[in-house]
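Numbering (the working numbering), first residue to last: 1 to 186.
Here the structure is laid out as structure tokens; the discussion comes afterwards.
This is the structure in structure tokens:
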């Protein structure tokens with residue numbers, strides 16, 4: 001069977017367009033759903049995408065928010081933390097991008113209040129597609145007192161209930177038990 005050049009070119013154009021549409025509609029972004037780490041250690045959160053395979057002339061935007069605050073953003077070529085983050089100098093980003101498929105956040109010296117949601121979005125423009133991924137970071141560690149206890153407290157004579165303020169931190173949440181030896185708290 002003989003196919004004319006015009007028909008052949010049309011079939012190639014349709015096939016090329018079909019592959020392009022099918023590929024771009026499959027834009028993906030993945031990351032671990034939950035990461036658990038111990039206070040004081042470091043953690044790396046890596047986001048993997050297929051954006052490197054998108055044509056060079058397509059605009060790519062990538063950003064990461066931590067509890068609704070933008071902490072990092074970039075393109076296919078550049079990825080960096082924003083000037084002001086809750087992590088200060090403890091936050092670093094991966095550079096250079098590994099095969100332009102991985103974006104990584106590195107957080108040093110984890111603190112209890114680093115627990116939270118990391119929400120990443122990658123977008124390509126013309127055509128417009130978007131993918132996102134969320135990672136829940138949970139920080140574990142033993143209990144510690146974060147408020148000073150007074151050495152003396154004044155109480156009313158006929159009171160059986162006493163309130164002594166103490167602020168603890170830890171995960172899982174610490175439980176407080178008071179023990180008495182005679183009339184002394186030990």
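Just so it is clear, CB atoms sit at the ideal spot from N, CA and C, and this is done for glycine as well.
Here the structure is a predicted model, which means the values were calculated and not measured.
- Message: Tell me the residue span of the beta strand (DSSP E) that contains residue 81.
- Response: Where residue 81 is concerned, the enclosing beta strand (DSSP E) stretches over 79-81.
- Message: Taking a contact to mean a Cβ-Cβ separation below 8 Å, would you say residue 116 touches residue 137 in this structure?
- Response: By the CB criterion at 8 Å, residue 116 and residue 137 fall inside the cutoff.
- Item | Backbone CA spacing between residue 63 and residue 44 [nearest angstrom] | Taking the straight line joining both Cα atoms gives about 16 Å.
- Item | Simplified DSSP assignment, three categories, for residue 176 | It is coil, neither helix nor strand.
- Item | Test item: CB-CB of residue 103 and residue 74 under 8 Å | Yes, these two residues count as a Cβ contact at 8 Å.
- Item | For residue 40, the three-state DSSP class (helix, strand or coil) | In the three-state reduction of the DSSP assignment, residue 40 falls in the coil class, being assigned neither a helical nor a strand state.
- Message: Between which residues of its own chain and residue 168 is the CB-CB distance below 8 Å, once the five residues before and five after are set aside?
- Response: Only 143, 144, 145, 146, 174 and 176 meet the Cβ criterion.
- Message: Nearest by alpha-carbon distance to residue 164: which of 114, 128, 71 and 149 is it?
- Response: Checked all of 114, 128, 71 and 149; the closest Cα to residue 164 is 149.
- Task: Consult DSSP for residue 65 and reduce its assignment to one of helix, strand or coil.
- Result: Residue 65: strand per DSSP, three-state reduction.
- Message: Which runs of the beta strand (DSSP E) at least 3 residues long sit entirely within the segment 97-154? Give them in chain order.
- Response: Along the length of the segment 97-154, whole beta strand (DSSP E) runs at least 3 residues long occupy 102-107, 116-125 and 129-145, reported in chain order.
- Leaving out the 5 sequence neighbours to the left and right, which residues in its chain are closer than 6 Å to residue 50 when beta-carbon positions are compared? Same-chain partners within the cutoff: 28.
- State the start and end residues of the unbroken beta strand (DSSP E) segment that holds residue 91. Here the beta strand (DSSP E) through residue 91 covers 91-93.
- Note down the Cα distance separating residue 83 from residue 111, rounded to an integer number of angstroms. Rounded to whole angstroms, residue 83 to residue 111 spans 20 Å at the Cα level.
- Contact under 8 Å by Cβ, residue 126 with residue 42: Not in contact: residue 126 and residue 42 (Cβ atoms no closer than 8 Å).
- Task: Spell out the partners DSSP gives residue 29 in its beta bridges.
- Result: DSSP output for residue 29 lists 49 as bridge partner(s).
- Please name the residue, chosen from 170, 123, 161 and 134, that lies closest to residue 178 on a Cα-to-Cα basis. Nearest to residue 178 by C-alpha distance, out of 170, 123, 161 and 134, is 161.
- Task: Give me the Cα-Cα distance between residue 33 and residue 105, rounded to the nearest whole angstrom.
- Result: Taking the Cα positions, residue 33 is about 15 Å away from residue 105.
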